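As structure tokens, the structure follows; a few thoughts come after it.
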Amino acid sequence: MRVPLSWLREYVRVDADAQEIADALSISTAEVHGVQRVGVDGELRLFRVGHVLEAAKHPDADRLQLTSVDVGEDRPYSIVCGAWNFGAGAKVAVALPGATLPNGLTLERRKLRGQVSEGMILAEDELDLGVDHSGIIVLDDGLEAGTPLADVLPLVDEVLDLDPTGNRPDLFAVYGVAREVAALLGGELLPLPGKEPQRDGDEPVGIGIEDPEGCLRFIGRAFREASIGESPPWLKARLRHSGVRAISNVVDVTNYVMLALGSPLHAYDLDLLRGGLVARRAREGEKVRTLDGVERTLSAEDLVIADGERAVGLAGIMGGEETEVSSSTTNVLLEAANFEPIGILRSSERHALRTEGSNRWEKGVDPHVAGPAATYATQLIVELTGARWTGAEDVQGELPQPTVVTLRPERTNALIGLAVAEEEQAEILARIGFERLKKGFRVPTWRARDVTREVDLIEEVARFKLPEIPFTLPRREAMFGRLTREQRLRRRVEDALVGAGYSEVYTPTFVAEGDLRLPEPLSAEAAALRVVLYDSLLEPARRNADAGADDVALFEVARVYRDAGGDLPEERWHVAGIADGGFAEAKWAVEQVYSALGVEPGYERASQPFLHPGKAARTGEGWLGELHPALLDGVWGVFELDLDALARTAPQVVGFAPVSPYPYVRQDLAFVVDEETTAADLLAAIREAAGELLRELEVFDEYRGEQIGEGKRSLAFRLAFGSLEGTLTDEDVAPIRASIVDALASRFDAVLRG
Amino acid sequence: MDTVARVNPDDLEKEALAAAAEARSLAALSEVRIRHLGRNSALKLALRGVRDRETGMTLNAVRETVEAALAAREEELARAELEERLATERVDVTLPAELLGPPRLRARGSLHPSTLVRRDVEDIFLGLGYEIVDGREVETTRYNFDALGFPDWHPARSPRASLFLNDKTVLRTETSPAQIHKMEERRPPIYMVSIGRVYRRDTIDATHFPIFHQFEGLAIDTDITLADLKGTLRHVMRQLYGDEREVRFRTHYFPFTEPSMEPDVSCFNCGGAGCHICKHSGWIEMGGSGMVDPYLYEFVGWGPEEYTGFAFGMGIERTAQLRYGIAGLRPFWENDLRFLRQFR
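Residue numbers (my numbering), protein chains in the order written: chain A, 268 to 1021; chain B, -16 to 327.
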């Protein structure tokens, strides 16, 4: 909502500049995104009313006039002008040498085709008052030469760019903003603009409401002998600064009054209507061509304004082309109505058509404003078009009556944390139209939708006191400040992977295929919720490799989604990673994750279609392997683990064994075994055979070679034995060693290497 | 001419396809190609001798079919040979990584900037004695909209704005549903922050992405005030943006809070004097907040005045943008290591 300050000041007397007004509104009413200065940016005294004393063709240029203009100085000024829509005697807008126009041009005294020109006679576009450049502005004859132009035309203005929230339809009106400004800054709010002129006739208008739910009120007024033309400069300037295009005096009046009071209006060419107007539901498939030239096919849910034969407009959204007011119009029918918001919103969405009107209706316009809007528009139409007002009808159902809401002042204070005296609360509410009654406060009709409960009244008080409310902290009697176990473990996993050289990525939830599909996908590649994470990492891995990174290692911690048969999918936290370099990379990362969680995983050979068949393994909580080379160029290790499962496996408390004070006996043993015998098998067998004196065990070497033979390999283990009771000797350990060798020989045909 | 007459295109095709299917190796397939599509193959000879258009078209169709069959078979064989080769490259998956590689020694990796912010936010609220809640991402419309006071006609309920799985299921559009679940789970005191992914149907551009991350706080107790909200958010903003920051509140409107406010933080870049970061206003918008609407208490079956509370919500990406000076949203999802590795 663009609010020209000059307009605002017509409705509120307040001692505050634009920035002060903007700041106050921003804090307590609605955000002001900025204050824009429009119009002339130079010295205003160089803009004057001029009286054209003489005007004749330029002696050396067919298209130019040479004029002599009284600008209130002791001599007439000679000005060359390109327009011909005036002659001697006209009062015009003049800019003298030295004046800077809104477009930045500074005028100079100079010669034009041999004749001196001392300034410029101005067209409206040159003053940023409109877009017309077909002729200069001709001012009222009664004006005196030399009068400052700023007294006559809105040469400079400041425009507030206000962004009201959806609950404040009253702020989509200059008068509504004025009401807030008066309340916020202690100004005086002037009465609503508009005074009913004398009615000159009593012709029937023929207004009807067939759908009282969609249309609460319908005022129709008839005008005869309107002379349709351009609006005066002040009106065009107001519209322009408000961001609305000027069209013709009648249409401009409807827009002007909408901007002023917030209730949209529409004008019809009375002679093009066949019978009176009625607000009704459209017939399925009925058509209307709206003002934008689009033929719209209507549904029974659309509310239309129709004459005796056809729909002549999409109610509240846009009028029809066939009955629009044009330059040939002489008789006018004015509509000031009130439409129900949700229907308008739906129609506006259905037809993908948003207008200044629909934007207001969909927020809920006060039906009581339709009257003042009709009055003000009537006054302006009569004044600006010279029309006679010849007929008036006001059809209304039962308009909602103001409600009364009670307010306990102590409740306000308890909720906002600031003591505001009862009288002050009442005074704040009174300033914005809430009348204090015995039982409570009467809600003004323009706030009826938003304010229905005590807490809504409290908000009204609170917004006026916002800056005064102190900064405190809740008084606590209970605390919960810690992460859940799952959250702590998740952090540990992330940190472990970062330590292992992995960088965290965020990839989208959406993939091409998954258990849960979006009925309306974002795209073919984003049509379902993912069931695995690793797949999403291939693309970033490829891109980083393509960009020249030679050490790509990525991981992601996020959720996957599976249809578990219930109403809602099962969501599980996973971690997945990818790194250049093959199986060992994946294994290293997975080892880091498990060790960070204090879990000793078991690895088993596994097969997955997306993994290298010889380099793939599974653990209890996921899998790891070398990515199948058909999927991505290069050699990549990948893994994915279910973090929720991991959290269940991870020990709740750290278990530890007492440390022996006596030195350990350390021994290395190497066995030759078949290729198929895994290190894990051997480790388990050694541990079992060794018994409780075995303190440490690891595999530290793998060897293949001619001495060992085809299909065989040697695995070397490092063992440490110790006792809490005393120092062990080699003799103590010898039988343990023997039973290990026996066990491995009998179970795996393992041969101890000498 | 004679040769052409003797050739039956159907037979040529059948023979070639059979030969391709029978080839057991890429080498064998290469021989099949020479025999059936080579310079001296019956097909090529016949094509060279063609005089009429119709025969030409028939023979060319045969050539195309055979070529396609050969290409398909070649891929099949290549894949099979690859699988065979891979099958011989077996490792003992139970060996430690050190013996399998060894793995590369890598420089330390990095956490995503959004994770860094997330952790900071979590830690700040942990310090204030809040619990951190992840919440579900797929929600019922009851928790995502009804409970939060979104009227039936609200645009957010439209498939144009939100991502639905069906009429009743939607990807959460804010993290607030987790708050309702907590309220249903237990009575106050409740001090919680829900953090995570949220979803809107946005067309991807420099500043829009259909997925982003929020953190939303909720405090409900017996006498929480708007002053407590102001104090809490000022503390949080000072933790995030520096101890000198001032916080102001502007009135606003949200469906599930009353009164509602937007907090602004004095610009950390210019200190309030005005610069490009604060759009010359001296203040930076941070999100939304307000006092819990009594509607919510009734929704979960509590009395409307048993408790009071406040709620607020902010964006993780936006916080990261401000803290690190990241422009737009693309860097958050491009996953470019040259970007990510700077956040160590």
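Every residue gets a Cβ at the ideal spot worked out from N, C-alpha and C, and that includes glycine. These numbers were taken from a predicted model, which means no experiment stands behind them.
| field | Inter-residue spacing [alpha-carbon to alpha-carbon] between A/Leu311 and A/Pro421 | value | 11 angstroms
| query | Do the region 620 to 632 of chain A and the region 446 to 455 of chain A touch if we need at least three Cβ pairs shorter than 8 angstroms? | reply | no
| Any chain A beta carbon closer than 8 angstroms to B/Asp(-6) | no
| request: From the DSSP output, in three-state form, read off A/Arg547 for me. | output: strand
| Is the CB of A/Ser293 under 8 angstroms away from at least one CB in chain B? | yes
| So, is the C-beta of B/Gly214 closer than 8 angstroms to a C-beta in chain A? | yes
| query | Taking contact to mean at least 3 C-beta pairs separated by less than 8 angstroms, is the region 855 to 864 of chain A in contact with the region 59 to 71 of chain B? | reply | no
| request: Could you tell me which residues DSSP puts in a beta bridge with A/His318? | output: A/Asp337, A/Lys358
| Which chain B residues sit within Cβ distance under 7 angstroms of A/Ser770? | Gly92, Ser93, Leu320, Leu323, Arg324
| By DSSP, does A/Lys554 sit in helix, in strand, or in coil? | strand
| field | CA-to-CA distance, B/Phe133 to A/Pro608, given in whole angstroms | value | 16 angstroms
| message | With a threshold of 7 angstroms on Cβ separation, who are the neighbours of A/Val827 within its own chain once the five nearest residues in sequence on each side are excluded? | response | Arg797, Val798, Val799, Leu800, Arg839, His841
| Straight-line Cα distance separating A/Gly461 from A/Arg280 | 18 angstroms
| Three or more C-beta pairs closer than 8 angstroms, one from the region 544 to 558 of chain A and one from the region 570 to 581 of chain A: is that the case here? | yes
| message | Closest to A/Gly869 by C-alpha separation, out of B/Gly308, B/Thr77, B/Phe293, B/Ala90, would be which residue? | response | B/Thr77
| task | Would you please state the rounded distance, in angstroms, between the beta carbons of A/Ser384 and A/Val347? I believe it to be under 8 angstroms. | result | 4 angstroms
| said: Pull the bridge partners of A/Ile725 from the DSSP assignment, please. | reply: DSSP, once it has assigned bridges, lists no residue as partnering A/Ile725.
| Contacting residues, own chain, Cβ-Cβ under 6 angstroms from A/Ala350 (five flanking each side not counted) | Gly402, Ile403
| Touch test, the region 688 to 705 of chain A against the region 728 to 735 of chain A, Cβ-Cβ under 8 angstroms, three pairs minimum | yes
| request: Could you tell me which chain A residues have their CB closer than 7 angstroms to the CB of B/Asp75, listed as they occur along the chain? | output: Thr945, Ala946
| message | I'd like to check one pair, A/Ala659 with A/Arg466: are the Cβ atoms closer than 8 angstroms? | response | yes
| message | Taking 8 angstroms as the threshold (beta carbon to beta carbon), is A/Asp723 in contact with chain B? | response | yes
| query | Is the beta carbon of B/Thr158 less than 8 angstroms from the beta carbon of B/Ser177? | reply | yes
| Would you say B/Asn149 reaches chain A, if we count a Cβ-Cβ gap shorter than 8 angstroms as a contact? | yes
| task | Grab me the residues of A/Leu406's own chain with a C-beta within less than 7 angstroms of its C-beta, minus the 5 sequence neighbours each way, in chain order. | result | Val316, Lys358, Val359, Ala360, Val419
| field | Inter-residue CB distance, A/Ala851 and B/Gly84 (contact presumed, cutoff 8 angstroms) | value | 3 angstroms
| task | Measuring only between beta-carbons, confirm whether A/Tyr773 sits less than 8 angstroms from chain B. | result | yes
| said: Measuring only the C-alpha atoms, how far is A/Asp569 from A/Ser509? | reply: 29 angstroms
| message | If the cut-off is 8 angstroms on Cβ atoms, which residues from the region 99 to 115 of chain B count as contacting chain A, listed in chain order? | response | Arg102, Glu105, Phe108, Leu109, Gly110, Leu111, Gly112, Tyr113, Glu114, Ile115
| Which bits of chain A does B/Tyr236 rub up against, with CB to CB less than 7 angstroms? | Thr432, Gly433, Asn434
| query | In the region 963 to 999 of chain A, which residue ranges form an unbroken alpha helix (DSSP H) of at least 4 residues, counting only runs that do not cross its ends? | reply | none
| field | 7 angstroms Cβ cut-off: residues of chain B touching A/Lys854 | value | Ala80, Leu83
| query | Rounded to a whole number of angstroms, what is the C-alpha to C-alpha distance between B/Met(-16) and B/Ala55? | reply | Confidence at B/Met(-16) is low in this model, with a pLDDT of 42, below 50, so the placement of that residue should be treated as unreliable; the coordinate-derived value is given next. One C-alpha to the other measures close to 33 angstroms.
| request: For B/Ser249, name the three-state secondary structure that DSSP assigns. | output: strand
| message | Measuring only the C-alpha atoms, how far is A/Val520 from A/Lys503? | response | 10 angstroms
| query | Does the beta carbon of B/Thr152 come closer than 8 angstroms to any beta carbon on chain A? | reply | yes
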